[in-house]
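Inspection log for the structure reproduced underneath, given as structure tokens.
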Amino acid sequence: GLTDSFAIAVSFALQYGVPLDFLVNKFAHMRFEPQGFTRNPEIPIAKSIVDYIFRWLGSRFLSEEKQAEIGIIRRDPEEAEPTTPVLEGPANAAQVVMPLGLEPASPTSTFQNQADAPSCSECGSLMVRSGSCYKCHNCGATSGCS
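For any residue, its number in this note's numbering is found by taking its place in the sequence shown, counting from 1, and adding 13.
Following this line, the structure appears as structure tokens:
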């Protein structure tokens with residue numbers, strides 16, 4: 014029904030010259046039910062079926078520059094640089110000297126460690142641990158703690 018009609022409309026749009034990056038920019042990250050986890054390691058969480066489809070199309074058919082511009086770029090784990098340098102040297106922590114110029118771990122690496130966080134009951138975003146509770150950075154809701 015509706016999904017088939019939408020697919021036909023997208024197909025016609027592509028056939029008549031609407032750029033894929035325009036469609037991906039418009040439809041990626043749309044949030045509505047059903048949403049949740051996927052079996053695709055490149056897109057582990059989809060905010061909707063439309064979000065999943067257009068992020069998948071963008072990751073397959075757009076250049077890395079366009080993907081970064083739209084916000085769907087991904088890095089393969091083997092290509093990613095380590096966030097914490099490996100230090101070799103004395104076992105005594107007092108003797109370890111960190112080289113200058115190191116940056117702290119990125120917010121995304123901290124966020125990935127909280128992949129088991131629940132979804133927000135208000136807006137559906139993934140919540141982030143705040144003390145012993147969870148907080149939604151999208152709408153400000155908490156998981157029952159004050």
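By construction, the Cβ of each residue, glycine as well, lies at the ideal position given by its N, Cα and C atoms.
Please read all numbers here as calculations on a predicted model, not as lab measurements.
About 19 Å separates the Cβ atoms of Asn-151 and Ile-83, ruling out a contact at the 8 Å cut-off. Looking at Phe-40, Tyr-29, Phe-35 and Cys-158, the one whose alpha-carbon comes closest to that of Ala-59 is Phe-40.
Per the coordinates, the alpha-carbon of Ala-26 lies some 45 Å from the alpha-carbon of Cys-146. Across the structure, Cys-133 and Ser-61 are spaced so that their CA atoms are roughly 15 Å apart. DSSP places Leu-75 in the coil class of the three-state scheme, outside both helix and strand. Assignment of Thr-155 by DSSP, reduced to helix, strand and coil, places it in the strand class. Between Trp-69 and Ile-56, the C-beta gap is smaller than 8 Å, which places the two residues in contact. Per DSSP, the beta-bridge partners of Ile-58 are Phe-50.
The beta carbon of Asp-64 sits closer than 8 Å to the beta carbons of Phe-40, Ala-41, His-42, Met-43, Arg-44 and Gln-48 from its chain, once the five residues preceding and following it are set aside; these are given in chain order. The beta-carbon separation of Leu-36 and Phe-67, rounded to 7 Å, stays under the 8 Å limit for a contact. For Leu-139, the beta-bridge partners assigned by DSSP are Ser-132.
Spatial neighbours of Gly-71 in its own chain (CB-CB distance under 8 Å, excluding positions within 5 residues in sequence) are listed in chain order as Leu-33, Asp-34, Val-37, Ala-41, Lys-79, Gln-80, Ile-83 and Ile-85. The DSSP-derived three-state label of Tyr-147 is strand. Taking all protein chains shown into account, Cys-136 has fewer than 16 neighbouring C-beta atoms within 10 Å of its C-beta and is therefore exposed.
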